[in-house]
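Participant: In this text, residue positions in the sequence shown follow our numbering: the first is 38, and each later residue adds one. Where a beta carbon is used, it is the ideal one built from N, C-alpha and C, also for glycine. Take a look at this one; I'll ask things after.
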Amino acid sequence: MSGDIRFAEYTTLRVGGPIDRLLTATTQRDLVDLAGETWATDAPWLALGGGSNLLVGDEGFDGTVIRVATHGIEVLPGSGDEHSVRVRVQAGESWDDLVAWTVEHGYSGIEALSGIPGSVGAAPVQNIGAYGQELASTLVAIEFLDEGADAPRRMTADELELAYRTSVLKQGLRGIVVTVELELHDTAAEREVLGEALGRPIAYGQLAAALRVQQGDRVPIAKVRESVLELRASKGMVLDAADADSVSAGSFFTNPIVGEHVARTLPAAAPRWYVEPEAPDEVIPLGSLGSESPLDAFLAHQAELEASDSVSADRNASETGPLVKLSAAWLIEQSGIGRGFALPGSRAAISSKHTLALTNRGDASADEIVQLARFVQSRVQAEFGIVLRPEPVLVGVEL
Numbered sequence: 038m039s040g041d042i043r044f045a046e047y048t049t050l051r052v053g054g055p056i057d058r059l060l061t062a063t064t065q066r067d068l069v070d071l072a073g074e075t076w077a078t079d080a081p082w083l084a085l086g087g088g089s090n091l092l093v094g095d096e097g098f099d100g101t102v103i104r105v106a107t108h109g110i111e112v113l114p115g116s117g118d119e120h121s122v123r124v125r126v127q128a129g130e131s132w133d134d135l136v137a138w139t140v141e142h143g144y145s146g147i148e149a150l151s152g153i154p155g156s157v158g159a160a161p162v163q164n165i166g167a168y169g170q171e172l173a174s175t176l177v178a179i180e181f182l183d184e185g186a187d188a189p190r191r192m193t194a195d196e197l198e199l200a201y202r203t204s205v206l207k208q209g210l211r212g213i214v215v216t217v218e219l220e221l222h223d224t225a226a227e228r229e230v231l232g233e234a235l236g237r238p239i240a241y242g243q244l245a246a247a248l249r250v251q252q253g254d255r256v257p258i259a260k261v262r263e264s265v266l267e268l269r270a271s272k273g274m275v276l277d278a279a280d281a282d283s284v285s286a287g288s289f290f291t292n293p294i295v296g297e298h299v300a301r302t303l304p305a306a307a308p309r310w311y312v313e314p315e316a317p318d319e320v321i322p323l324g325s326l327g328s329e330s331p332l333d334a335f336l337a338h339q340a341e342l343e344a345s346d347s348v349s350a351d352r353n354a355s356e357t358g359p360l361v362k363l364s365a366a367w368l369i370e371q372s373g374i375g376r377g378f379a380l381p382g383s384r385a386a387i388s389s390k391h392t393l394a395l396t397n398r399g400d401a402s403a404d405e406i407v408q409l410a411r412f413v414q415s416r417v418q419a420e421f422g423i424v425l426r427p428e429p430v431l432v433g434v435e436l
């Protein structure tokens, strides 16, 4: 690899080694053509969007990187509801620019997802969500170019099997997101009567408190966006050249989801929320604890999973009963890792504003980020018997 172009130039963590071959697609036709040319060679390849949810190793990538830089927003007829509107967005558009555009046009549905870095095409990969909204609630379909195909196909939201921070796209379906189609609420009628565009009911306590309203109240979408941006900035979660804490991949770990019985083993102060049974990796079946410590039970359960070819979601859900989402940030803090923590001599550190973010404090290597992530995982596992799962896509590194 030549080393002239490095992933560090294209990722928000500013780490990552050399790119052997970089191709940039600025139109949908370019994207299809460049992908076809790449796949015809049978060489390794990787699609790159905004680079905000990506951790690439210091050795880089010995293959072709297709950078998706397509642009365009198309307004389509709604589903028949006079207050709905659909938009089809090219995958290379900035996600936050899209949110700003919807707010400006009075379209409600993704305003609480303001400030999330990255591209539109990456949004369905992990079903982005924040402050009580999730992409799954507005996503209608995507156009997806399967590896080896010469034209994209339409995939509905149901086909994507969207769950908490995951989808079939993240679980191994090879290809490239070309466009994303959303259905939003057109507030035009309300604006005529009220003079302002009200968003969907506020569903997240922290956001409601910031807005000084009750959960369930409706607030002008412009105010929701403004408040969300302020909240995210206070946590270093809005890209800002002047804020060292924003040199990160955002939340590095997902909030673990466990069986109700496991949640009861945590201190009473541990934040927790009941969720629908989606059987994520962190689920520990009810009754598996017995007289064992949480850590021993967890390791035993992981061994069972590894010995089995597959574990169906339905079986996991029935075994666990109610599932409970925990706060990864709380688990990290209570395991003794505070804001600003760094391993001795390392240029990677926990954000000084939020323990879920791992930051590059200046010329850190990918290996330093990985070492810190492993240390966090080990501390939480030792203290609570729960393994935190990384949210970014990992290339050339393992945790």
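Can you find at least 3 beta carbon pairs, one from the stretch 273-291 and one from the stretch 243-261, that sit closer than 8 Å?
Facilitator: Flag = no, the stretch 273-291 and the stretch 243-261 do not touch.
Participant: Count the other CB atoms within 10 Å of the CB of E111; is the residue buried (16 or more) or exposed (fewer)?
Facilitator: exposed
Participant: Note down the Cα distance separating V93 from L395, rounded to an integer number of angstroms.
Facilitator: So the alpha carbons of these two residues sit roughly 14 Å apart.
Participant: What is the DSSP secondary structure of G166, reduced to helix, strand or coil?
Facilitator: strand
Participant: Leaving out five residues before and five after D95 in sequence, what residues of the same chain have Cβ atoms less than 7 Å from its Cβ?
Facilitator: The residues are G54, S402, A403, D404.
Participant: Can you tell me where the beta strand (DSSP E) holding R123 begins and where it ends?
Facilitator: Run containing R123: 121-127, per the beta strand (DSSP E) assignment.
Participant: Hey, how far is the Cα of L380 from the Cα of D400?
Facilitator: 15 Å
Participant: Does the distance from the CB of E438 to the CB of R202 come in under 8 Å?
Facilitator: Only positions 38 to 436 of the chain appear in the structure, and residue 438 is not among them; the question remains open.
Participant: Is P308 buried or exposed, if buried means 16 or more other CB atoms sit within 10 Å of its CB?
Facilitator: exposed
Participant: Would you please state the rounded distance, in angstroms, between the beta carbons of L83 and N397? I believe it to be under 8 Å.
Facilitator: Not really, about 21 Å apart at Cβ, beyond 8 Å.
Participant: How many whole angstroms separate the CB atoms of L360 and F421, which I take to be in contact at a CB cut-off of 8 Å?
Facilitator: So it is not a contact: roughly 17 Å between Cβ atoms.
Participant: Could you give the first and the last residue of the continuous beta strand (DSSP E) run that contains S285?
Facilitator: 285-288
Participant: Grab the span of the beta strand (DSSP E) containing A300 for me, first residue to last.
Facilitator: Not the beta strand (DSSP E): A300 falls in the alpha helix (DSSP H), residues 297-301.
Participant: Taking the alpha helix (DSSP H) that I406 falls in, what are its first and last residues?
Facilitator: It spans 403-421 - the alpha helix (DSSP H) in which I406 sits, taken as one unbroken run.
Participant: With a threshold of 8 Å on Cβ separation, who are the neighbours of L221 within its own chain once the five nearest residues in sequence on each side are excluded?
Facilitator: S121, V122, R123, V124, T139, Y144, S145, G146, I147, T175
Participant: Tell me which residue opens and which closes the alpha helix (DSSP H) that L71 is part of.
Facilitator: Residue range 65-76 is occupied by the alpha helix (DSSP H) that includes L71.
Participant: In angstroms, rounded to a whole number, what distance separates the CA positions of L216 and D79?
Facilitator: For the sequence presented, residue 216 should be read as Thr rather than Leu. Approximately 25 Å, taken between the alpha carbons.
Participant: Which of the three DSSP states is assigned to G212 in this structure?
Facilitator: Here G212 carries a strand assignment [DSSP, helix/strand/coil].
Participant: Buried or exposed for P114, please, with buried defined as at least 16 other CB atoms from any protein chain shown within 10 angstroms of its CB.
Facilitator: exposed
Participant: Would you kindly report the start and end of the unbroken alpha helix (DSSP H) that includes T139?
Facilitator: 132-141
Participant: Can you name the start and end residues of the beta strand (DSSP E) that I42 belongs to?
Facilitator: Careful: I42 lies outside any beta strand (DSSP E) and carries neither H nor E.
Participant: Looking only at its own chain, which residues have a Cβ that is under 6 Å from the Cβ of R301, when we skip the five neighbours before and after it?
Facilitator: none
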